[in-house]
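Input: a single structure, listed below in C-alpha coordinates.
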Amino acid sequence: MGWEKRRGKFYYYRKVWREGRAVSVYCGGGARGMQAAREDQQRRLAQQQARSAPAPTQPSSPQPPKTLTGWLELLRAQNASRQTQFDPLPSTTGRTGQK
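Everything in the sequence shown is counted per this note's numbering, starting at 1407 for the first residue and increasing by one.
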(Lines of atoms letter the chains of each structure in order from A and count residues from 1; the text may use other names and numbers.)
(Lines give C-alpha, C1' and ligand atoms only; values in the text may rest on other atoms or scores of the structure.)
Protein backbone atom coordinates (compact mmCIF):
# COMPACT_ATOMS: atom_id res chain seq x y z
CA MET A 1 0.00 0.00 0.00
CA GLY A 2 1.29 3.38 -0.68
CA TRP A 3 1.71 6.43 -2.72
CA GLU A 4 2.98 6.06 -6.25
CA LYS A 5 4.21 8.83 -8.49
CA ARG A 6 2.81 8.65 -11.98
CA ARG A 7 3.31 11.40 -14.59
CA GLY A 8 4.56 13.77 -11.92
CA LYS A 9 1.55 13.36 -9.58
CA PHE A 10 1.05 11.15 -6.52
CA TYR A 11 -1.75 8.62 -6.31
CA TYR A 12 -2.62 6.19 -3.54
CA TYR A 13 -2.85 2.49 -4.41
CA ARG A 14 -3.85 -0.40 -2.17
CA LYS A 15 -2.26 -3.76 -2.75
CA VAL A 16 -4.59 -6.74 -2.50
CA TRP A 17 -4.16 -10.44 -3.20
CA ARG A 18 -6.32 -11.86 -5.98
CA GLU A 19 -5.89 -15.35 -7.36
CA GLY A 20 -2.46 -15.68 -5.77
CA ARG A 21 -1.11 -12.38 -7.09
CA ALA A 22 -0.66 -8.91 -5.62
CA VAL A 23 -2.82 -6.42 -7.50
CA SER A 24 -2.77 -2.61 -7.21
CA VAL A 25 -6.15 -1.02 -6.62
CA TYR A 26 -6.43 2.67 -7.40
CA CYS A 27 -7.84 4.73 -4.51
CA GLY A 28 -7.23 8.25 -5.77
CA GLY A 29 -5.04 11.25 -5.44
CA GLY A 30 -5.37 14.32 -3.26
CA ALA A 31 -8.10 14.19 -0.59
CA ARG A 32 -9.41 10.79 -1.71
CA GLY A 33 -5.95 9.28 -1.54
CA MET A 34 -5.32 10.83 1.87
CA GLN A 35 -8.60 9.40 3.19
CA ALA A 36 -7.76 5.93 1.87
CA ALA A 37 -4.28 6.15 3.42
CA ARG A 38 -5.77 7.11 6.81
CA GLU A 39 -8.25 4.22 6.65
CA ASP A 40 -5.46 1.77 5.86
CA GLN A 41 -3.29 3.13 8.66
CA GLN A 42 -6.15 2.81 11.17
CA ARG A 43 -6.85 -0.74 10.03
CA ARG A 44 -3.16 -1.68 10.38
CA LEU A 45 -3.04 -0.17 13.88
CA ALA A 46 -6.15 -2.12 14.92
CA GLN A 47 -4.64 -5.35 13.58
CA GLN A 48 -1.36 -4.67 15.37
CA GLN A 49 -3.14 -3.99 18.66
CA ALA A 50 -5.21 -7.15 18.27
CA ARG A 51 -2.04 -9.19 17.73
CA SER A 52 -0.26 -7.64 20.71
CA ALA A 53 -3.25 -8.01 23.05
CA PRO A 54 -2.78 -10.82 25.57
CA ALA A 55 -4.51 -14.03 24.60
CA PRO A 56 -7.47 -14.99 26.75
CA THR A 57 -6.35 -17.30 29.50
CA GLN A 58 -7.93 -20.65 30.00
CA PRO A 59 -8.71 -21.80 33.50
CA SER A 60 -5.76 -23.74 34.77
CA SER A 61 -6.34 -27.43 35.07
CA PRO A 62 -5.56 -29.11 38.36
CA GLN A 63 -2.18 -30.76 38.70
CA PRO A 64 -2.16 -34.50 38.08
CA PRO A 65 -2.00 -36.72 41.14
CA LYS A 66 1.47 -37.75 42.27
CA THR A 67 0.56 -41.06 43.86
CA LEU A 68 -1.25 -44.17 42.71
CA THR A 69 -3.90 -43.59 45.36
CA GLY A 70 -4.47 -40.10 43.99
CA TRP A 71 -4.91 -41.48 40.47
CA LEU A 72 -7.38 -44.08 41.69
CA GLU A 73 -9.41 -41.44 43.52
CA LEU A 74 -9.43 -39.30 40.40
CA LEU A 75 -10.60 -42.21 38.22
CA ARG A 76 -13.32 -43.15 40.70
CA ALA A 77 -14.54 -39.54 40.87
CA GLN A 78 -14.64 -39.26 37.08
CA ASN A 79 -16.45 -42.54 36.71
CA ALA A 80 -18.93 -41.64 39.44
CA SER A 81 -19.74 -38.45 37.55
CA ARG A 82 -20.44 -40.57 34.46
CA GLN A 83 -22.65 -42.82 36.57
CA THR A 84 -20.91 -45.98 35.52
CA GLN A 85 -19.64 -48.87 37.57
CA PHE A 86 -15.89 -49.23 37.18
CA ASP A 87 -13.29 -50.09 39.73
CA PRO A 88 -9.72 -50.24 38.41
CA LEU A 89 -8.78 -52.49 41.35
CA PRO A 90 -11.38 -55.19 41.84
CA SER A 91 -11.81 -56.37 45.40
CA THR A 92 -9.72 -59.33 46.48
CA THR A 93 -12.65 -61.02 48.21
CA GLY A 94 -14.85 -63.39 46.35
CA ARG A 95 -12.23 -64.79 44.04
CA THR A 96 -13.14 -67.94 42.30
CA GLY A 97 -10.88 -70.93 41.90
CA GLN A 98 -9.12 -70.58 45.28
CA LYS A 99 -9.22 -73.19 48.07
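We put the CB at the ideal spot given by N, CA and C, even for glycine.
Just so you know, these numbers come straight off a predicted model, no measurement behind them.
Would you call the CB atoms of residue i and residue j closer than 8 Å?
| i | j | result |
| --- | --- | --- |
| ALA1442 | ARG1420 | yes |
| PRO1471 | TRP1477 | yes |
| GLY1435 | LYS1415 | yes |
Any idea what DSSP makes of residue i, helix, strand or coil?
| i | result |
| --- | --- |
| ALA1459 | coil |
| GLN1464 | coil |
| GLY1435 | coil |
| TRP1450 | Sequence check: residue 1450 is Arg here, not Trp. If DSSP states are grouped into helix, strand and coil, ARG1450 belongs with the helices. |
| ARG1482 | helix |
| THR1475 | helix |
| GLN1441 | helix |
On the DSSP bridge assignment, give the partners of residue i in chain order.
| i | result |
| --- | --- |
| TRP1409 | TYR1418 |
| SER1430 | LYS1421 |
Please tell me whether, using a cut-off of 7 Å, the distance from the CB of residue i to the nearest non-hydrogen atom of the ligand ADP is below it.
| i | result |
| --- | --- |
| ASP1446 | Among the components of this structure there are no ligands whatsoever, and the ligand ADP is therefore not found. |
Exercise. Kindly confirm or deny that the segment 1421 to 1429 and the segment 1446 to 1461 touch, where touching means at least three C-beta pairs closer than 8 Å.
Key: no
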